[in-house]
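Colleague: According to the working numbering, the stretch in the sequence shown is residues 110 to 246, in order. Quick reminder that beta carbons are idealized off the backbone N, C-alpha and C, glycines included. Source: prediction; values computed, not measured. Quick one: structure below, then a few questions.
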Amino acid sequence: RRREEWDSLRQFDSVFLVAIQAAVPPFEGDWRQLEVPEFPQKLGVVAVRGCEIAEVFDEEGNLMTEQNPMEKVDPVGDVRRMRVILDSAQYQLDLEGKRDDTVRRTLTARVAAEEDDDGAEGETGTGGGEGTSAAAY
């Protein structure tokens, strides 16, 4: 089911990129018991950025976002790569602040359409730096 949800991502969907850096010492405990201000520090959350999906590619680089919904074509492999559009104003602020989140691990969080208006839980996948994010299931 999780793979089907990730394969359903399309152009104009919203996702969040979450930059994390391992907390030292590692957090041991129930993260659900943390107060909101403690959460980023204890779990290593460095930055959260919203973005819009421009394109989704399968493992072989085939563009998945141009598929005709009437013609079901199965994507190749388990890895998905997304090209996303970042908020240009926030990106400029990040550059001016000399943030380098590319050396940190990035999570891509998907918010389901029915949960989108209240920021409820979503699914996550991991990806590398260099402005690239991938999820494999």
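Straight-line CA distance for GLN142 to ARG111?
Modeller: Rounded to whole angstroms, GLN142 to ARG111 spans 26 Å at the Cα level.
Colleague: Hey, would you say VAL165 sits closer than 7 Å to LEU118, going by beta carbons?
Modeller: Yes, Cβ-Cβ distance for VAL165 and LEU118 is below 7 Å.
Colleague: Report back the beta-carbon spacing between ASP116 and PRO184 to the nearest angstrom; my notes put them in contact at under 8 Å.
Modeller: Their Cβ separation, rounded to whole angstroms, is 6 Å, which keeps ASP116 and PRO184 in contact under 8 Å.
Colleague: If you drop the 5 nearest sequence neighbours on each side, which residues of the same chain put their C-beta closer than 7 Å to that of THR174?
Modeller: So the qualifying residues of the chain are ARG119, GLN120, GLU164, VAL165.
Colleague: For a test of the three-state rule: what should DSSP assign to ARG136, helix, strand or coil?
Modeller: The question names Arg, but residue 136 is Phe in the sequence shown. If DSSP states are grouped into helix, strand and coil, PHE136 belongs with coil.
Colleague: Identify the residues that DSSP records as bridge partners of LEU172: which are they?
Modeller: Paired residues: PHE166.
Colleague: Apart from the five residues just before and just after GLY186, which ones in its own chain have a Cβ nearer than 7 Å to its Cβ?
Modeller: Same-chain partners within the cutoff: ASP167, GLU168, GLU169.
Colleague: Could you please give me the residues that DSSP links to VAL154 through a beta bridge?
Modeller: BP columns for VAL154 point to ILE129.
Colleague: Using the C-alpha atoms, what's the distance from VAL182 back to GLU137?
Modeller: Those two C-alpha atoms are separated by around 43 Å.
Colleague: Verify whether the separation of the beta carbon atoms of ILE129 and GLY153 is less than 7 Å.
Modeller: Their beta carbons are under 7 Å apart, which means ILE129 touches GLY153 by this criterion.
Colleague: Below 8 Å on the Cβ atoms is my contact criterion, and I expect VAL127 with ILE162 to pass it. Report the Cβ-Cβ distance as a whole number of Å.
Modeller: The pair is not a contact, with the Cβ atoms about 16 Å apart (cut-off 8 Å).
Colleague: Please classify GLU113: does DSSP put it in a helix, a strand, or coil?
Modeller: Correct three-state label for GLU113: helix.
Colleague: Helix, strand or coil: which one does DSSP assign to GLN74?
Modeller: For the chain, the structure presents residues 110 to 246; residue 74 sits outside this window and is missing.
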